[in-house]
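I have placed the structure first, in the form of structure tokens, so that the comments after it can refer back to it.
There are 2 protein chains.
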Amino acid sequence: MDESAAQVTFRRMLTTACSACNLRELCLPFGLNDDEIARLDRLVGARRKIGRQQHLYRAGAPFEALYAIRVGFFKTDVLNEDGREQVTGFQMPGEILGMDGISTERHSCNAIALEDSEVCVIPFEQLESLSRDIGTLQHHFHQVMSREIVRDHGVMMLLGTMRAEERLAAFLLNISQRFTTRGFSPAEFHLRMTREEIGSYLGLKLETVSRAFSKFQEQGLISVQQRRIRILDTPALKKMLERRNA
Amino acid sequence: MDESAAQVTFRRMLTTACSACNLRELCLPFGLNDDEIARLDRLVGARRKIGRQQHLYRAGAPFEALYAIRVGFFKTDVLNEDGREQVTGFQMPGEILGMDGISTERHSCNAIALEDSEVCVIPFEQLESLSRDIGTLQHHFHQVMSREIVRDHGVMMLLGTMRAEERLAAFLLNISQRFTTRGFSPAEFHLRMTREEIGSYLGLKLETVSRAFSKFQEQGLISVQQRRIRILDTPALKKMLERRNA
DNA sequence: CGGTCGTGTTGACGTGGATCAAACGCAACG
DNA sequence: CGTTGCGTTTGATCCACGTCAACACGACCG
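Taken in order, these protein sequences are the chains called A and B.
Here the first sequence stands for residues 1 to 246, where the numbers follow this note's numbering.
Here the second sequence stands for residues 247 to 492, where the numbers follow this note's numbering.
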């Protein structure tokens, strides 16, 4: 005896449905009404589990879909011809991955899970099609892409103008803020990435990152033990970014 | 006696019409058929002239439209609280400005003309509306935004992993390539920006930029006199970016 | 239980680019 | 034609971060 439509719907809600997802205020469904979310639900077909250190996609791979992170933590990076790596971002649940692939139909960076993770697969052609129907969805998607551009500008500012400790302070405040948005403690969290990955993101060597962590700890701004971070003095960290003149 | 519709249309073609614009293959009309371009024409209402050193828009200003550069040269920059500037890009004819404003309905950076310039104003709501009708336009717009994200990743790579001379080589090759696309000489061109602006973009001080120019000239890779650049050895510049290992 | 591997910390030292300072080229202008 | 001022070049010095190296720590495993 096969499942009733209601049963199928119910099971989907427990698993994938955007309408039941506690990330929907951070993710694509933001601003949609119930009916529109239902249509988005139908589009977001599969979920995909990605084990720690596995690629969600690789640079050069054909672009087919965007991915919304349900659980887990990712990094994206680019490698240039001589093997140097630049980490371009760290992504958390509710954030969208894959927009780099739209322009050439191929991904231009790698997306790698930093812990066992799960994403919702959003076939891109279908997303474009649906957003031709639903103006709110279209606009929100444009906002998501634009936000990525603005974020990238912030990283350029960081890499172009800040010194090592300022970069690390900015990084910690950014991570803290994003954990807060997701309902976690702003002050205490577990970093999923190595010192080397942080360094690559911040344009620093891992030793410099490690030293900056130690310095912050000596100054009583944070407490560090391995990847366990506790922020003790947020205002002081913020003040590091407001330093008058260059 | 008022103008006939034909005359109005004709005058518009000489001035604004996307259909008659020699940048259409670089700009938003790319990939559209004649009828679709005509509809885009109607949307791209005003043109706007921006004098040298004038702002096209400022960080914080309400976002209303995107801008397609018709003639001229722009820079975009962000300023942080303590006044440090980061140039996030230099833009040429056919490129689109303003996408940073979509996410918050306010611009997040400044766009400043580096010489007397002219842009086509593309009211954003109308663009969204039209691209709900024309899938090709919608997709192409998404590609334009995605390309900006990919470009930003390239800048992060540059700022995060390259040394001064590599950065300048990458900059020169990039400028040269974009001039070529626009039908100008790949080898000889006039820079519109100061050494300080180049430095801000590349995360270097103006003295370092100047020294790198001089060094390249000594090595016979380029010839420099003020902002007049002639590239003499493109392969050698490219080789600088392929240097094995970090 | 000892070995090994990946990750992180810390110290000593070197260097690429920043900083400080002076002078020059060139265009605008009285 | 000299003055003014901005942008650029060049030199001398400094220092933040990179490099190299040793060691510490925990997880995993034979």
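For glycine and all other residues, C-beta sits at the position ideal for the given N, C-alpha and C.
Because the structure is a prediction, the values reported are computed rather than measured.
Against chain B, with Cβ distances strictly below 8 angstroms, would residue i count as a contact?
{"i": "methionine 92 of chain A", "result": "no"}
{"i": "aspartate 152 of chain A", "result": "yes"}
{"i": "glutamine 86 of chain A", "result": "yes"}
{"i": "leucine 173 of chain A", "result": "no"}
{"i": "isoleucine 69 of chain A", "result": "no"}
{"i": "valine 155 of chain A", "result": "yes"}
{"i": "glutamate 165 of chain A", "result": "no"}
{"i": "glutamate 196 of chain A", "result": "no"}
{"i": "isoleucine 222 of chain A", "result": "no"}
Between which two residues does the alpha helix (DSSP H) carrying residue i extend?
{"i": "glycine 89 of chain A", "result": "It is not in any alpha helix (DSSP H) - glycine 89 of chain A instead sits in the beta strand (DSSP E) that spans 85–91."}
{"i": "histidine 190 of chain A", "result": "Unbroken run through histidine 190 of chain A is the beta strand (DSSP E), 188–190; no alpha helix (DSSP H)."}
{"i": "aspartate 35 of chain A", "result": "34–43"}
{"i": "proline 275 of chain B", "result": "No alpha helix (DSSP H) holds proline 275 of chain B; DSSP gives it neither H nor E."}
{"i": "serine 131 of chain A", "result": "124–133"}
{"i": "threonine 180 of chain A", "result": "164–181"}
{"i": "leucine 448 of chain B", "result": "441–448"}
{"i": "leucine 483 of chain B", "result": "480–486"}
Could you tell me which chain A residues have their CB closer than 7 angstroms to the CB of residue i, listed as they occur along the chain?
{"i": "glutamine 389 of chain B", "result": "Ile102 and Ser103"}
{"i": "methionine 345 of chain B", "result": "Ser146 and Ile149"}
At a threshold of 7 angstroms, does residue i count as lining the ligand ADP (C-beta to nearest heavy atom)?
{"i": "proline 339 of chain B", "result": "Among the components of this structure there are no ligands whatsoever, and the ligand ADP is therefore not found."}
Which residue's Cα is closest to the Cα of residue i: the options?
{"i": "serine 250 of chain A", "options": "A:Ala68, A:Lys75, A:Gln138 and A:Arg47", "result": "Outside the displayed range of chain A (1 to 246) lies residue 250 of chain A, so it cannot be described from this structure."}
{"i": "methionine 162 of chain A", "options": "B:Leu274, B:Gly277 and B:Glu327", "result": "B:Glu327"}
{"i": "valine 396 of chain B", "options": "A:Asp100, A:Leu221 and A:Gly89", "result": "A:Asp100"}
{"i": "leucine 204 of chain A", "options": "A:His190, A:Phe189, A:Glu166 and A:Leu232", "result": "A:Glu166"}
{"i": "arginine 330 of chain B", "options": "A:Ala113, A:Met156, A:Gln219 and A:Ser185", "result": "A:Met156"}
{"i": "tyrosine 313 of chain B", "options": "B:Leu373, B:Ala266 and B:Phe276", "result": "B:Leu373"}
{"i": "cysteine 264 of chain B", "options": "B:Cys366, B:Asp362, B:Ser375 and B:Met391", "result": "B:Cys366"}
{"i": "threonine 104 of chain A", "options": "A:Arg132, A:Ile112, A:Met92 and A:Gly60", "result": "A:Gly60"}
{"i": "isoleucine 468 of chain B", "options": "B:Arg441, B:Leu418, B:Glu442 and B:Ser431", "result": "B:Leu418"}
{"i": "alanine 111 of chain A", "options": "A:Glu95, A:Phe124 and A:Gly183", "result": "A:Glu95"}
{"i": "valine 144 of chain A", "options": "A:Cys21, A:Leu26, A:Ala113 and A:Lys238", "result": "A:Leu26"}
{"i": "isoleucine 380 of chain B", "options": "B:Arg476, B:Leu286 and B:Asn268", "result": "B:Leu286"}
{"i": "asparagine 268 of chain B", "options": "B:Gly277, B:Ala311 and B:Arg316", "result": "B:Arg316"}
{"i": "leucine 478 of chain B", "options": "B:Thr454, B:Ile421, B:Glu434 and B:Ser456", "result": "B:Glu434"}
{"i": "arginine 230 of chain A", "options": "A:Arg58, A:Ser185 and A:Ala164", "result": "A:Ser185"}
{"i": "leucine 404 of chain B", "options": "B:Gln299, B:Asn420 and B:Val324", "result": "B:Asn420"}
State buried or exposed for residue i, treating a residue as buried only when at least 16 other CB atoms are found within 10 Å of its CB.
{"i": "arginine 24 of chain A", "result": "buried"}
{"i": "glutamate 488 of chain B", "result": "exposed"}
{"i": "glutamine 332 of chain B", "result": "buried"}
{"i": "asparagine 33 of chain A", "result": "exposed"}
{"i": "leucine 181 of chain A", "result": "Checking the displayed sequence, the identity of residue 181 of chain A turns out to be threonine instead of leucine. Exposed, by the Cβ-count rule."}
{"i": "glycine 89 of chain A", "result": "buried"}
{"i": "alanine 46 of chain A", "result": "exposed"}
{"i": "arginine 424 of chain B", "result": "buried"}
{"i": "aspartate 398 of chain B", "result": "buried"}
{"i": "histidine 190 of chain A", "result": "exposed"}
{"i": "glycine 344 of chain B", "result": "buried"}
{"i": "glutamate 195 of chain A", "result": "Checking the sequence shown, residue 195 of chain A turns out to be arginine, not glutamate. Flag for arginine 195 of chain A reads buried."}
{"i": "serine 214 of chain A", "result": "exposed"}
{"i": "serine 363 of chain B", "result": "buried"}
{"i": "asparagine 245 of chain A", "result": "Low confidence applies to asparagine 245 of chain A: its pLDDT is 47, below 50, so where it sits in the model is not reliable, and the reading given next is rough at best. Answer is exposed; the Cβ neighbour count stays below 16."}
{"i": "arginine 294 of chain B", "result": "exposed"}
{"i": "serine 375 of chain B", "result": "exposed"}
{"i": "aspartate 77 of chain A", "result": "buried"}
Which residue marks the beginning of the beta strand (DSSP E) containing residue i, and which one marks its end?
{"i": "asparagine 356 of chain B", "result": "356–359"}
{"i": "leucine 312 of chain B", "result": "311–317"}
{"i": "glutamine 300 of chain B", "result": "It is not in any beta strand (DSSP E) - glutamine 300 of chain B carries neither H nor E in the DSSP assignment."}
{"i": "valine 209 of chain A", "result": "Segment 206–218 is the alpha helix (DSSP H) holding valine 209 of chain A; no beta strand (DSSP E) there."}
{"i": "arginine 500 of chain B", "result": "In the structure as shown, chain B begins at 247 and stops at 492. Residue 500 of chain B is therefore absent and cannot be evaluated."}
{"i": "isoleucine 222 of chain A", "result": "222–225"}
{"i": "phenylalanine 74 of chain A", "result": "74–79"}
Along chain A, in chain order, which residues have C-beta atoms closer than 8 angstroms to that of residue i?
{"i": "glutamate 202 of chain B", "result": "What the structure shows of chain B is the stretch from 247 to 492, and residue 202 of chain B is not part of that stretch, so it cannot be assessed."}
{"i": "glutamate 488 of chain B", "result": "Glu81 and Asp82"}
Looking at chain A, is there any beta carbon in it that lies within less than 8 angstroms of the beta carbon of residue i?
{"i": "asparagine 491 of chain B", "result": "Because the pLDDT at asparagine 491 of chain B is just 47, under 50, the model does not fix this residue reliably, and the point stays unresolved."}
{"i": "leucine 243 of chain B", "result": "This structure gives no information on residue 243 of chain B, because the portion of chain B shown stretches from 247 to 492."}
{"i": "glycine 449 of chain B", "result": "yes"}
{"i": "arginine 393 of chain B", "result": "yes"}
{"i": "cysteine 355 of chain B", "result": "yes"}
{"i": "arginine 378 of chain B", "result": "yes"}
List, in order along the chain, the chain B residues whose C-beta lies closer than 7 angstroms to that of residue i?
{"i": "leucine 32 of chain A", "result": "Those do not exist, as leucine 32 of chain A stays about 15 angstroms from chain B at its closest Cβ, beyond 7 angstroms."}
I want to verify the contact list: residues of chain B whose CB lies under 9 angstroms from the CB of residue i, in sequence order.
{"i": "threonine 161 of chain A", "result": "Asn326, Arg330, Glu331, Gln332, Ser446 and Gly449"}
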